[in-house]
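Presented below is the structure to which this report refers.
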Amino acid sequence: MPHYHLEGFESTWRLVRETLASQKFRVSTPNGLELAVDIHYTAGKILTVNIVSAGEVSKATLEPIMNEIARLGLYRGDFAVIDYTISITERIRDGNYSISEELREHRQL
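Heads up: the sequence shown begins at 540 in the working numbering, then just goes up one per residue.
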């Protein structure tokens, strides 16, 4: 389902998953760079963001991505800081890992 708040971005953003407190996107930049961007909307006006890039990312490439992340944050609330981590890899794979029933039955809270 397309989100209207992604319109007008320089890069192409595709929503992978969304919760009340987070969003996960796959992003394609105009120069062909592929990114995975995981945004967590946390307290204290801080966006906590994990970015994974399939290839080297320059400051010039990162700047519009950060501006678009800022727009997403301001759409959600009054955020003032983006606390981010960026990782560089050759390839990005998305996945899920299922926690076994046995572990879930014996969890310790």
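A virtual CB, placed ideally from N, CA and C, is assigned to each residue, including glycine.
Small disclaimer: the values here were computed from a predicted structure and weren't measured.
- Taking the CA atoms as reference points, Ala619 sits about 5 Å from Lys584.
- Listed in chain order, the non-local C-beta contacts of Ser567 below 7 Å within the same chain comprise Ser550, Thr551 and Glu573, local neighbours out to five positions each way being set aside.
- When only Cα atoms are considered, Tyr580 and Arg556 end up about 14 Å apart.
- Residues Trp552 of the same chain have their beta carbon placed closer than 6 Å to that of Leu545, with the five preceding and five following residues left out of the count.
- In this structure, the straight-line span from the alpha carbon of Arg630 to that of Ile590 is close to 13 Å.
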